[in-house]
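Notes follow once the structure below has been shown.
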Amino acid sequence: MSAPTPGPSPGAGWRRARLTAREDRTATGRTLRFDVPGWSGHLPGQHLDVRLTADDGYRAVRSYSLAAPADGDTVELGVQTAPGGEVSPYLNDVLPLGAEVEVKGPLGGWFVWTPQDRGPLLLVAGGSGIVPLMAMVRARRAAGPVGDPCALLCSVRGPDELWYAEELADPAGTEEIRVLHTRRAPPGESRPAGRIAPNDLKGLPTSPDTRCYICGPTGFVEHAADLLQTQGHPPRTIRTERFG
0 MSAPTPGPSP
10 GAGWRRARLT
20 AREDRTATGR
30 TLRFDVPGWS
40 GHLPGQHLDV
50 RLTADDGYRA
60 VRSYSLAAPA
70 DGDTVELGVQ
80 TAPGGEVSPY
90 LNDVLPLGAE
100 VEVKGPLGGW
110 FVWTPQDRGP
120 LLLVAGGSGI
130 VPLMAMVRAR
140 RAAGPVGDPC
150 ALLCSVRGPD
160 ELWYAEELAD
170 PAGTEEIRVL
180 HTRRAPPGES
190 RPAGRIAPND
200 LKGLPTSPDT
210 RCYICGPTGF
220 VEHAADLLQT
230 QGHPPRTIRT
240 ERFG
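Numbering (numbering that gives the first Met the number 0), first residue to last: 0 to 243.
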């Protein structure tokens with residue numbers, strides 16, 4: 000993918016977005032912040048489409064989750080580099096600061112949560128699937144003290160693949176954070192490396208009114224959703240978003 004060209008003014012819901020910041024989260028995951036003039040705002044859990052246009056007119060569109068609550072004209076995306084991909088490697092490692100792309104959104108109204116949604120909250124992330132769930136965590140923290148419990152369970156291949164590690168470790172956070180390692184557990188870890196299992200859910204919110212959100216690769220999402228149902232969570236309380 001060569002550098003995108005501005006071209007004519009976007010239409011049909013597309014807006015110009017200027018890259019203002021890029022931050023490493025893992026070796027292959029980045030946070031990208033864009034300035035989107037006239038952005039209408041969004042809800043935690045929503046996503047947007049990014050469109051790149053090459054010099055020869057070729058266009059590529061990909062969807063990326065919004066990683067933070069609405070903040071004026073600023074949007075924050077989490078982008079995981081896909082091996083052999085044509086858009087994510089370009090966004091993460093080539094697109095220069097100050098360059099423009101096109102975005103459309105916000106999109107999605109099912110996989111959303113706001114501080115007005117009362118009741119216990121259970122978030123389950125597989126790898127970069129934590130991105131939209133982090134928007135929920137950040138919105139919850141920004142809303143101030145709440146009485147409802149919240150737990151975030153993160154499944155990652157190894158300790159160096161956890162997004163937002165420092166932010167999640169903030170002692171000011173009131174969420175229960177659990178990190179599971181599927182391939183490489185850190186030294187001294189009592190839990191052996193392996194996929195999420197029933198024992199990993201013990202002690203997490205289980206009341207029938209718990210709102211459950213799962214995001215990650217398709218296989219992970221389906222497995223986690225099945226586990227939650229075996230733990231007594233009604234299917235109507237489980238919302239999923241999958242990729243890959």
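All residues carry an ideal CB built from backbone N, CA and C; glycine is no exception.
Quiz item: Is LEU90 buried or exposed, if buried means 16 or more other CB atoms sit within 10 Å of its CB?
Solution: Taking the sequence shown and counting its residues from 1, one reaches residue 90 at position 91. Classification for LEU90: buried.
Self-check item: Nonlocal neighbours in the same chain, by C-beta distance under 6 Å from ILE237, ignoring five residues either side
Solution: Numbered from 1 along the sequence shown, position 238 holds the residue referred to as residue 237. CYS211, ALA224, LEU227, listed in sequence order.
Exercise. Could you tell me if PRO43 is buried or exposed, where buried requires 16 or more neighbouring beta carbons within 10 angstroms of its beta carbon?
Key: As a working mapping, residue 43 is identified with position 44 in the sequence shown. PRO43 should be labelled buried.
Quiz item: By the 10 Å Cβ neighbour count, where 16 or more other Cβ atoms means buried, how is VAL60 classified, buried or exposed?
Solution: As a first step, residue 60 is located in the sequence shown; it is residue number 61 there, counting from the start. Label assigned to VAL60: exposed.
Quiz item: Under the three-state reduction of DSSP, which class applies to ILE237: helix, strand or coil?
Solution: Numbered from 1 along the sequence shown, position 238 holds the residue referred to as residue 237. DSSP places ILE237 in strand when its eight states are reduced to three.
Quiz item: Using the C-alpha atoms, what's the distance from ALA184 back to SER250?
Solution: Since the displayed the chain opens at 0 and closes at 243, residue 250 lies outside it and no answer follows.
Exercise. Evaluate the contact criterion for the segment 115 to 123 versus the segment 71 to 80: three or more CB pairs, one atom per stretch, below 8 Å.
Key: no
Practice problem: State the start and end residues of the unbroken alpha helix (DSSP H) segment that holds PRO88. | Solution: Residue mapping note: residue 88 aligns to position 89 of the sequence shown, counting from 1. Note, PRO88: alpha helix (DSSP H), 87 to 92.
Exercise. Identify whether ILE129 lies in helix, strand or coil by the three-state DSSP scheme.
Key: As a working note, residue 129 is residue 130 in the sequence shown. In the structure shown, ILE129 sits in a helix (DSSP, three-state: H, G or I).
Quiz item: Who are the near neighbours of PHE110 in its chain, counting only those whose CB is closer than 8 Å to its CB and skipping five residues on each side?
Solution: Stepping through the sequence shown from its first residue, residue 110 is reached at position 111. Excluding residues within five positions, the ones whose Cβ falls inside 8 Å are GLY44, GLN45, PRO131, TYR212, CYS214, ARG238, THR239, GLU240.
Quiz item: So does the segment 151 to 166 actually touch the segment 96 to 106, counting three or more Cβ pairs closer than 8 Å?
Solution: no
Self-check item: Through-space distance from PRO114 to PRO68, alpha-carbon basis
Solution: The count along the sequence shown starts at 1 and reaches residue 68 at position 69. The count along the sequence shown starts at 1 and reaches residue 114 at position 115. Looking at the two C-alpha atoms, the distance is approximately 11 Å.
Quiz item: Is DSSP giving ARG14 helix, strand or coil here?
Solution: Residue mapping note: residue 14 aligns to position 15 of the sequence shown, counting from 1. Here ARG14 sits in strand by DSSP.
Quiz prompt | Buried/exposed call for GLY12, threshold 16 Cβ in 10 Å | solution = The sequence position of residue 12 within the sequence shown is 13, counting from 1. Its Cβ having fewer than 16 others within 10 Å, GLY12 is exposed.
Self-check item: Selected residue, minimal CA-CA separation from LEU51, among LEU18, GLY40, GLY28
Solution: In the sequence shown, residue 51 corresponds to position 52, counting from 1. Per the Cα distances, LEU18.
Quiz item: Got a sec, what are the start and stop residues for the beta strand (DSSP E) GLU75 sits in?
Solution: If you number the sequence shown from 1, residue 75 lands on position 76. Taken as a continuous stretch (DSSP letters only), the beta strand (DSSP E) holding GLU75 covers 73 to 79.
Practice problem: Output the distance between the C-alpha atoms of TRP21 and VAL93, rounded to the nearest integer angstrom. | Solution: Here residue 21 is taken as the residue at index 22 of the sequence shown, counted from 1. Here residue 93 is taken as the residue at index 94 of the sequence shown, counted from 1. A small correction: the amino acid at residue 21 is Arg; Trp does not occupy that position in the sequence shown. Approximately 11 Å between the Cα atoms of the pair.
Self-check item: Where the alpha helix (DSSP H) containing THR52 begins and where it ends
Solution: Reading the sequence shown from its first residue, position 53 is the one you call residue 52. Element bounds for THR52: not the alpha helix (DSSP H) but the beta strand (DSSP E), 46 to 52.
Quiz prompt | 8 Å Cβ shell around SER39 - same chain, five flanking residues per side excluded | solution = Locating residue 39 in the sequence shown gives position 40, where the first residue counts as 1. The residues are PRO105.
Practice problem: Return the residue from the list TRP112, GLY126, ASP70 that minimises the CA-CA distance to GLY28. | Solution: Numbered from 1 along the sequence shown, position 29 holds the residue referred to as residue 28. Checking every option, the nearest Cα to that of GLY28 belongs to GLY126.
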